[in-house]
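Its first residue numbered 112, the sequence shown is counted upward by one per residue in our numbering.
Just so it is clear, CB atoms sit at the ideal spot from N, CA and C, and this is done for glycine as well.
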Amino acid sequence: MDFQFLATISALVGSSANTETKTIPAGNYSGIRLTLTGTTASAETLALDDIANVFVNHVDEGQIVRADYGFLNIWQNLKGGFPPTVSGTANTAERVVATIPFGDPRFPNTLQLNNDREASFKIEFKSAMATRFAGSSATVRVDLIKANDVSQDYFYIIDSQNQQAQGAGQIQDTITGANIVGLYLEENSNVNSVTIRQDSETVVDDTPFGVLRDQTNIQNRIESAGQQFVEVRPIGFTRESTRNRSTTLNTNFSSSGTMELYKFRMKYLSQDVAQSNESAVASRLQNR
Numbered sequence: 112m113d114f115q116f117l118a119t120i121s122a123l124v125g126s127s128a129n130t131e132t133k134t135i136p137a138g139n140y141s142g143i144r145l146t147l148t149g150t151t152a153s154a155e156t157l158a159l160d161d162i163a164n165v166f167v168n169h170v171d172e173g174q175i176v177r178a179d180y181g182f183l184n185i186w187q188n189l190k191g192g193f194p195p196t197v198s199g200t201a202n203t204a205e206r207v208v209a210t211i212p213f214g215d216p217r218f219p220n221t222l223q224l225n226n227d228r229e230a231s232f233k234i235e236f237k238s239a240m241a242t243r244f245a246g247s248s249a250t251v252r253v254d255l256i257k258a259n260d261v262s263q264d265y266f267y268i269i270d271s272q273n274q275q276a277q278g279a280g281q282i283q284d285t286i287t288g289a290n291i292v293g294l295y296l297e298e299n300s301n302v303n304s305v306t307i308r309q310d311s312e313t314v315v316d317d318t319p320f321g322v323l324r325d326q327t328n329i330q331n332r333i334e335s336a337g338q339q340f341v342e343v344r345p346i347g348f349t350r351e352s353t354r355n356r357s358t359t360l361n362t363n364f365s366s367s368g369t370m371e372l373y374k375f376r377m378k379y380l381s382q383d384v385a386q387s388n389e390s391a392v393a394s395r396l397q398n399r
C-alpha cells in the first residue's frame with residue numbers, strides 16, 4: 112500500500128476550531144487516511160464525537176463524502192481491524208486514525224482524478240477541540256492511499272441523515288439515492304426494531320436492534336463491545352445485488368428520540384452499467 116502525503120492541518124487557529132480545504136492532486140486513490148495527534152488539556156477527555164466533520168467534493172459529482180471523523184474511525188474498526196482511537200484519559204497524548212474509503216471492500220474501486228482540480232478534501236474541526244486541547248495543539252495528517260493498479264467503476268458516496276420520533280411508534284423514512292449497499296444505524300436505547308425494504312422487497316424484517324448488533328459483531332469478527340453503530344448490508348456478494356432503486360427504513364421507537372444513520376451507495380460511471388442496473392432491478396421485481 113502506497114501513501115501520498117497531502118497536508119498536516121492544525122485543529123486550532125489561535126483558540127478557535129479550524130476549517131481547511133485541500134485540493135487532491137491527479138492520481139488513482141482507494142481512500143484517504145487521517146491521523147489526529149495531540150495532547151489533551153488537564154481534566155479534558157477526548158471523545159470521538161469531539162473531533163471533526165470531513166468532506167470530499169468532486170467537480171462533476173458534487174459532495175461524495177460527508178461524514179463524522181469518529182464514525183469513520185468506527186467504520187475502520189469494523190472493516191479493517193482495530194485502529195488507534197481515543198484513550199478515554201485526560202491530559203494524555205492522543206492518536207486517532209480514520210479512513211475515508213472510495214470503494215466497497217467487496218468491490219475494489221478508486222477515485223480516479225485526471226487533473227489537479229477535480230476533487231478536494233475539507234475538514235471542519237468541532238468547537239469542542241478548542242477545549243479538549245486548550246493550551247496545547249493538535250493536528251491531522253492527511254495521506255492519500257494510492258491504488259494505481261485498480262480502476263474506477265463507480266463513485267462511492269457516503270452521507271448521513273437522521274430519523275426522529277416525537278414519541279413511541281413506528282417512523283418510516285425513504286433513504287435517498289439509488290444503489291444503497293450499506294446502512295449504519297447509531298446505537299439507540301429508544302429503538303426496538305427495524306424493517307428495511309428495497310424495491311418493495313423486505314430485506315430486514317422487524318429485526319430487534321440487539322440481533323443486528325450481534326450480527327454486526329459476528330460478520331466483522333468484532334470481539335469488543337460498544338461499536339456505537341450497527342451495520343445493515345442488505346445485499347449479497349455480486350455486482351447484481353448492489354443495484355436498487357429505492358430503500359425505506361421503518362423504525363420502531365419505544366419513546367421519543369433521534370437515530371443517526373449513515374448510508375453508503377454506489378453511482379456507476381458507464382451507461383451500460385446503468386442500463387444493466389435497471390434490467391437487474393426489473394428482473395428481481397418480476398421474480399419475487
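Check, Outcome
"Beta-ladder partner(s) of G293, from DSSP", "F375"
"Buried versus exposed, by CB contacts within 10 Å (16 or more), R354", "buried"
"8 angstroms contact criterion, which A122 and M240 should meet: CB distance rounded", "5 angstroms"
"Residue closest to S367, alpha-carbon to alpha-carbon, out of N303, G149, A258", "N303"
"Span of the beta strand (DSSP E) around N273", "265 to 276"
"Coil, strand or helix - R324 by DSSP", "helix"
"Of the listed residues F244, L294, F232, nearest to Q274 (C-alpha basis)", "L294"
"Per-residue burial, A276 [other beta carbons within 10 Å of its own, 16 or more giving buried]", "buried"
"Pair within 8 angstroms by beta-carbon distance, I185 and I143", "no"
"Touching by the beta-carbon criterion (3+ pairs, under 8 angstroms), the stretch 225 to 233 and the stretch 178 to 197", "no"
"Sufficient close CB pairs (3 or more, under 8 angstroms) joining the stretch 155 to 170 to the stretch 193 to 209", "yes"
"Through-space distance from N363 to G280, alpha-carbon basis", "6 angstroms"
"Candidates N220, A249, N129, T358, of which the one nearest S141 by Cα", "N220"
"Cβ-based burial, D179 [other Cβ within 10 Å; buried from 16]", "buried"
"Range covered by the alpha helix (DSSP H) that runs through T242", "239 to 243"
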